[in-house]
Amino acid sequence: MDLIALFRRACISGCVCSIFYHGLMLVMGKAVTVKQAVVFTAVFIVLYFFWLVLVSRKNSGK
0 MDLIALFRRA CISGCVCSIF YHGLMLVMGK AVTVKQAVVF TAVFIVLYFF
50 WLVLVSRKNS GK
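At position 34 of the sequence shown the residue is numbered 33 (numbering that gives the first Met the number 0), and the sequence of numbers has no breaks.
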């Protein structure tokens, strides 16, 4: 996969996971701020993107 497709996948997964995580926190009665949600989503996207790049590079060598 090219880097744009990997980044798109990371963004979609990050947004979905953030919605589930922060939705669960709201259901449990925890306070959630917009700043917390944005930081969590951004960090998740960056880390997941790097992981996808590393895995795709490792698998493309075979």
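Think of the CB as a built atom: it goes at the ideal place given N, C-alpha and C, for glycine as much as any other residue.
Values in this document were obtained by computation on a predicted structure and should not be read as measured data.
Sequence-distant Cβ neighbours of M24 in its own chain, meaning closer than 8 Å and more than five residues away, are V31.
A9 counts as buried, since at least 16 other C-beta atoms from the protein chains shown sit within 10 angstroms of its C-beta. The residue from V26, S17 and D1 with its alpha-carbon nearest to that of I44 is S17. Assignment of G28 by DSSP, reduced to helix, strand and coil, places it in the coil class.
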